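Trainee: Provided herewith is a single structure, encoded as structure tokens, for subsequent inquiry.
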Amino acid sequence: MKKIVFATNNAHKLDELRRMAGDRFEILSLKDIRCFDDIPENETTFEGNALAKARWVRDRYGYDCLADDSGLEVDALDGAPGVLSARFAAEHDDAANNKLLLAKLQGVPAQKRTARFRTAICLLEGDAEPRFFSGAVEGRILDAPRGEGGFGYDPLFVADGYTRTFAETSAAEKDAVSHRGRAVRALLHYLHAE
Ligand code: ITT
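So the mapping is simple: the working numbering equals the position in the sequence shown, first residue as 1, plus 120.
Structure (structure tokens):
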């Protein structure tokens, strides 16, 4: 079976990819290959950071590798937090990040709270050029969190056409419309076609 390392320290991203990939591929985690590095993410685009993470692991550990860089772009904040989504208020503190987002949007009316999640996935296979798969989902930011599922900004985000947040929908519903769902389906389509 084809083995690919997913260069992420985010257990939720790993779960989402594994549940969508099924059993055609073995998705190894960084823990599986005993990589405990603090991988730098200094680029200004999702694609740049996804490439940096995938390259870091491929070059040092030798595996075919993929990485996901993602985030939330809020129109009323000129696209912030964007590539800084994981560390908007505090590094990987979802509650603090959501709280800061709500504070920055205080007083912004519902029709101006438009936003989107974006994902760029980078695949590095053998000596081939990097390949990118991207996905986005448009939606809006609520003025209070709702739901217990998902991760990150999911309790504040309602996708267009929906009334429930990504933290209130089932995993399958989130995958069907989410930025990562779209990017992962494009990735799987490419890998199946190889
Ligand atoms: P790795 O770099 O180790 O993959 P990370 O969580 O640091 O994990 P990113 O740098 O790509 O990943 O930051 C992504 C952040 O964007 C993530 O921590 C969340 O705050 C937010 N985010 C991304 N996808 C999301 C989703 O599906 N639902 C909610 N928030 C999401």
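The beta-carbon is built from N, C-alpha and C at its ideal position, and this holds for glycine as well. Small disclaimer: the values here were computed from a predicted structure and weren't measured.
Any heavy atom of the ligand ITT closer than 8 Å to the beta-carbon of I159?
Mentor: Here residue 159 refers to the residue found at position 39 when the sequence shown is read from its first residue. I159: yes, Cβ under 8 Å from the ligand ITT.
Trainee: In three-state DSSP terms, what is P275?
Mentor: Translated into positions along the sequence shown, residue 275 becomes position 155. Reduced to three states, the DSSP call for P275 is helix.
Trainee: Could you check whether L197 and V304 sit closer than 9 Å to each other, using their CB atoms as the reference points?
Mentor: For this step, residue 304 is matched to residue 184 along the sequence shown. For this step, residue 197 is matched to residue 77 along the sequence shown. Their beta carbons are not under 9 Å apart, which means V304 does not touch L197 by this criterion.
Trainee: Give the straight-line distance between the Cα atoms of Q231 and L225, rounded to the nearest whole angstrom.
Mentor: Here the question's residue 231 lines up with position 111 in the sequence shown. Here the question's residue 225 lines up with position 105 in the sequence shown. Roughly 12 Å separates the two Cα atoms.
Trainee: Near A216, what residues of its chain come up, given a Cβ to Cβ distance below 7 Å and the 5 sequence neighbours on each side ignored?
Mentor: For the purposes of this step, residue 216 is taken as the residue at position 96 of the sequence shown. Excluding positions up to five away in sequence, the list reads A209, A210.
Trainee: What is the DSSP secondary structure of E167, counted as helix, strand or coil?
Mentor: Taking the first residue of the sequence shown as 1, we reach residue 167 at position 47. It is helical.
Trainee: Can you check whether the CB of S254 is closer than 9 Å to the CB of F166?
Mentor: Here residue 166 refers to the residue found at position 46 when the sequence shown is read from its first residue. Here residue 254 refers to the residue found at position 134 when the sequence shown is read from its first residue. Yes, Cβ-Cβ distance for F166 and S254 is below 9 Å.
Trainee: Taking the alpha-carbon of C71 as reference, which of A141, K294, N169, L148 has the nearest alpha-carbon?
Mentor: Summary: the structure shown does not reach residue 71, with the chain confined to residues 121 through 314, and so no result is reported for it.
Trainee: Short of 8 Å in beta carbon distance, which residues of its chain neighbour A141, apart from the five on each side in sequence? Order them along the chain.
Mentor: Looking up residue 141 in the sequence shown gives position 21. These residues qualify, in order along the chain: I147, V304, L308.
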